[in-house]
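Asks: Per our numbering, residue 7 is the first one in the sequence shown, and the count goes up by one each step. Just so you know, even glycine gets a beta-carbon here, dropped at the ideal spot from N, CA and C. No experiment lies behind these values; they were computed from the predicted model shown.
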Amino acid sequence: MNEIDDRMLAGVSVPDTPLVGRAIEYARQRCEPYLFNHVVRSWLFAARIGQIQSIQHDAEVVAVATLLHDVTLNEDFAGPRRFEVEGADLARTFVREGGFDERRAQLIWDSVALNSTPSIGLYKEAEVALCTAGICLEVVGLQYSLVSSAEIAKIIGEFPRLQMKRRMTRCFCHIAEVRPETTYDNFARDFGER
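#1: Tell me Met14's beta-bridge partners as DSSP assigns them.
#2: Beta carbon of Val118, beta carbon of Leu74: below 8 Å?
#3: Could you check if Glu31 is buried or exposed, using at least 16 other CB atoms within 10 Å of its CB as the buried criterion?
#4: Where do the N-terminal and C-terminal ends of the alpha helix (DSSP H) with Arg36 fall, by residue?
#5: Taking just the CA atoms, how far does Arg47 sit from Glu144?
#6: Does the CB of Asp11 have a neighbour CB from chain D at under 8 Å?
#7: Using the Cα positions of Arg36 and Ser151, report the straight-line distance between them to the nearest angstrom.
#8: Could you tell me the distance, in whole angstroms, from the CA atom of Phe42 to the CA atom of Arg34?
#9: Could you tell me the boundaries of the alpha helix (DSSP H) in which Glu131 lies?
#10: Between the alpha carbons of Ala65 and Glu92, how many angstroms are there, rounded?
#11: Is it right to say Thr72 is buried, meaning 16 or more other beta carbons lie within 10 angstroms of its own, or is it exposed?
#12: For Val70 versus Val101, is the C-beta spacing smaller than 8 Å?
#13: Suppose the cutoff is 7 Å on Cβ atoms and the five residues either side in sequence are ignored; what does the same chain contact list for Glu131 look like?
#14: Which whole-angstrom value is the C-beta distance of Gly127 and Ala135, which I expect to be below 8 Å?
#15: How is Ser122 classed by DSSP in three states: helix, strand or coil?
#16: For Pro166, which residues of its own chain have a beta-carbon under 7 Å away from its beta-carbon, when the five flanking residues on both sides are left out?
#17: Going by CA-CA distance only, name the one from Ser155, Lys171, Glu164 that's closest to Ala16.
#18: Between which two residues does the alpha helix (DSSP H) holding Val153 run?
#19: By the DSSP assignment, the alpha helix (DSSP H) with Asn43 in it spans what residues?
#20: When we look at the beta-carbon of Glu205 and count the other beta-carbons within 10 Å, is it buried (16 or more) or exposed?
#21: Helix, strand or coil for Ile61, going by three-state DSSP, please let me know.
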């Protein structure tokens with residue numbers, strides 16, 4: 007892969023490419039502020055874990071996958087399948103239109119589709135595993151000790167949680183209410199049973 011430019015965001019070195027910039031804007035336009043901050047924090051944690059563990063990976067794939075992993079978590083979206091699959095299809099189309107080859111597009115699809123299934127995602131290719139790890143650190147604190155508390159505080163300070171737990175709970179309850187058939191085999195089912 008060719009060298010790509012980097013920039014600093016919340017103290018983390020991240021890729022600075024036109025497609026990453028478009029993914030940031032795409033997520034910003036389609037996500038409520040709490041959700042946009044969540045996907046950015048997930049990206050920053052994924053990038054940082056990759057750096058700390060010296061994992062060889064395609065940083066642009068990790069960036070775009072984490073930035074787009076939850077764009078279908080909104081009330082405007084009403085696809086017939088699990089939100090992860092709908093999001094994976096959307097993200098793959100986005101990167102194909104942005105010039106990704108099929109291998110990189112498939113890594114995007116796998117990263118988004120498996121983002122809430124760490125029992126699989128953490129054992130896939132480096133890009134998928136990093137996307138999953140960043141999201142899991144962000145949501146449930148998995149591998150929390152890898153990133154320093156000062157780095158975590160800086161990331162959360164620049165991209166605050168904005169009552170994410172309460173708002174995501176409402177979002178998953180909404181999915182369970184309006185599309186229950188998409189929740190039977192995954193964690194979202196629990197929100198419908200409460």
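Replies: According to the structure shown:
#1: Ser19
#2: Yes, the Cβ-Cβ distance between Val118 and Leu74 is below 8 Å.
#3: Answer is exposed; the Cβ neighbour count stays below 16.
#4: 24-36
#5: Approximately 7 Å, taken between the alpha carbons.
#6: Reference to chain D is not applicable here, since this structure consists of a single protein chain.
#7: 32 Å
#8: 6 Å
#9: Looking at the DSSP string, Glu131 is not in any alpha helix (DSSP H), and its letter there is neither H nor E.
#10: In a straight line, the C-alpha of Ala65 is about 23 Å away from that of Glu92.
#11: buried
#12: yes
#13: Leu113
#14: The C-beta distance from Gly127 to Ala135 rounds to 6 Å, short enough to meet the 8 Å contact threshold.
#15: coil
#16: Asn43
#17: Relative to the Cα of Ala16, the nearest Cα in the group Ser155, Lys171, Glu164 belongs to Glu164.
#18: Premise fails: Val153 is in no alpha helix (DSSP H) and is neither H nor E.
#19: 39-58
#20: Here the chain covers residues 7 to 200 and nothing more, so residue 205 does not appear.
#21: coil
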